[in-house]
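A short worksheet on the structure shown next.
Numbering (UniProt numbering), first residue to last: 1 to 132.
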């Protein structure tokens with residue numbers, strides 16, 4: 001498996017939140033230089049390594065979609081979006097649609113759209129459900 005270097009997507013805050021949620025200590029660390037991701041279960045590390053190797057064996061079964069994923073649960077969650085009745089959330093900066101408020105917030109933080117970050121945080125605080 002050839003590993004590729006990817007842009008850091010896990011922030012310090014995200015890593016800290018992950019560590020707080022853990023019951024068991026993380027015993028498995030990603031061997032990719034600069035990644036620093038840790039996992040409590042070996043199969044989670046395997047799925048993570050597929051993302052570094054750009055392996056996406058799980059393909060959406062929705063006709064005409066063809067989107068693929070490194071982890072089965074990500075593919076399953078994606079497939080539910082095709083038949084979801086949930087409203088899409090739209091970035092004020094670029095009009096990109098999102099079905100999950102946390103995805104919109106992450107997008108806004110990465111693109112530095114402070115207005116959209118505020119909207120996403122407001123929606124989360126008001127209990128707008130995530131579609132998962």
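Built from N, CA and C at the ideal position, the CB exists for glycine as well.
- By the Cβ neighbour-count rule, residue 83 is exposed, with fewer than 16 other Cβ atoms within 10 Å of its own.
- In this structure the stretch 60–80 does not lie against the stretch 31–42, because fewer than three pairs of beta carbons, one per stretch, are closer than 8 Å.
- Note that the C-beta distance between residue 78 and residue 96 is not below 8 Å.
- Collapsing the DSSP output to three states places residue 90 in a strand.
- When the beta-carbon positions are compared, residue 55 and residue 72 stay at least 8 Å from each other.
- It is roughly 14 Å from the alpha-carbon of residue 111 to the alpha-carbon of residue 102.
- When only Cα atoms are considered, residue 49 and residue 93 end up about 33 Å apart.
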